[in-house]
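Notes for the one structure printed next.
Numbering (our numbering), first residue to last: 1 to 131.
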């Protein structure tokens, strides 16, 4: 799965605006709100991030007649036989949203290119709960 380029461009531009707002925000409550917005943006990269599946998770999916797990989003898990929890399948961020946000916050002068390079690191993987 290739990241949707338009989505990535839009999220990169929005992240830059959020970072600009953050740099001029003094009030701690407002600052926390802006940081939460940035984290939400990073977390939602999962919507277009490349997806993988561990061998054991894919074997479990095959036993449930689900087919290729990589075609499923987190929100689809509720429709798995027995639900996501009983199916023992878990959606894992290889690159947690908090790490993406930390990298964005560490940019000295965010540019569309530098922000994009960080957001492109978003990856998710279906694993078994016990993995």
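Even for Gly, the Cβ is constructed at its ideal location relative to N, Cα and C.
Decide if residue i is buried, meaning its Cβ has at least 16 other Cβ atoms within 10 Å, or exposed.
i          : result
residue 93 : buried
residue 29 : exposed
residue 87 : buried
residue 71 : exposed
Assuming residue i and residue j form a contact by the criterion Cβ under 8 Å, report the distance between their Cβ atoms to the nearest whole angstrom.
i           : j           : result
residue 114 : residue 107 : 5 Å
Quick check on the DSSP output: the alpha helix (DSSP H) that includes residue i runs from which residue to which?
i          : result
residue 89 : Unbroken run through residue 89 is the beta strand (DSSP E), 89–93; no alpha helix (DSSP H).
residue 14 : 5–23
Please report the residue range of the beta strand (DSSP E) in which residue i lies.
i           : result
residue 127 : 124–128
residue 49  : Looking at the DSSP string, residue 49 is not in any beta strand (DSSP E), and its letter there is neither H nor E.
(message) Could you check whether the stretch 38–58 touches the stretch 10–27, counting it as contact only if at least three pairs of C-beta atoms, one from each stretch, sit closer than 8 Å?
(response) Because the criterion of three Cβ pairs below 8 Å is met, the stretch 38–58 and the stretch 10–27 touch.
Is the stretch 81–88 touching the stretch 17–29, taking contact as three or more C-beta pairs under 8 Å? Using a Cβ-Cβ distance cut-off of 8 Å, the stretch 81–88 and the stretch 17–29 are not in contact, since fewer than three pairs of beta carbons, one from each stretch, lie closer than that value.
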